[in-house]
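Residue numbers (our numbering): 1 to 129.
Even glycine gets a Cβ: it sits at the ideal position worked out from N, Cα and C.
Values in this document were obtained by computation on a predicted structure and should not be read as measured data.
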Amino acid sequence: MWIGELAEASGTTTKTLRFYEEVGLLPAPERTASGYRDYAPEALARLDFIRRGRVAGLTLVQIREVLEIRDAGVAPCQQVQNLLQSRLGDLDRQIADLQALRHTVAHLSDGAARIEPTDCDATTVCRYL
């Protein structure tokens with residue numbers, strides 16, 4: 001299928017497809033006699049995998065590594081499991097950081113609610129922070 005057809009079928013853009021080809025996520029397609037890209041049907045499944053990897057928070061570099069393992073004829077399941085476990089750890093750290101930030105902002109907000117703005121000292125930017 002041509003690049004426009006693949007873009008439409010995959011819900012992406014032709015610009016994204018060219019980028020994916022450039023960075024090695026999509027293999028270079030065959031070309032028609034007139035020079036148009038002619039993608040094999042497998043490209044759609046590959047794009048679906050890329051989309052699912054992005055939804056899971058994997059980087060394009062990580063996704064490319066998984067695809068390279070698969071392209072070498074090896075099942076990348078262990079690599080994907082390792083990436084997902086690492087991603088879970090990252091998410092847990094981000095959640096903890098966000099909870100700590102929320103606690104700090106709530107404390108500041110509570111303090112700001114008890115201060116009368118008309119009593120602000122003109123020599124400071126804002127005493128709420």
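Under 8 Å from any heavy atom of the ligand NAP, does the C-beta of residue i make it?
i	result
V105	Absence of the ligand NAP from the depicted structure is noted, as is the absence of any ligand whatsoever, leaving it without description.
With respect to the alpha helix (DSSP H) encompassing residue i, which residues constitute its N-terminal and C-terminal limits?
i	result
A43	E42 to V55
Y92	The identity of residue 92 in the sequence shown is Asp, whereas the question assumes Tyr. C77 to A113 is the span of the alpha helix (DSSP H), which, as asked, contains D92.
V66	L60 to D71
A17	Here residue 17 is Leu; the residue named in the question, Ala, does not match the sequence. Here the alpha helix (DSSP H) through L17 covers T14 to E22.
E5	I3 to S10
Determine, using beta carbons only, whether residue i and residue j come nearer to each other than 9 Å.
i	j	result
L182	L83	The first residue shown for the chain is 1 and the last is 129, placing residue 182 beyond what the model contains.
V66	V80	yes
I69	L60	no
T14	G4	yes
L20	P29	In the sequence under discussion, the amino acid at residue 20 is Tyr, which differs from the Leu named in the question. It is not a contact, given that the beta carbons lie outside the stated cut-off.
A45	M1	no
P27	D71	yes
Using the rule of at least 16 other Cβ atoms within 10 Å of the residue's Cβ for burial, across every protein chain shown, is residue i buried or exposed?
i	result
R127	exposed
L88	exposed
I63	buried
G35	exposed
L188	The requested residue 188 does not occur in the structure, where the chain is confined to residues 1 to 129.
L108	exposed
L17	buried
G11	exposed
G73	exposed
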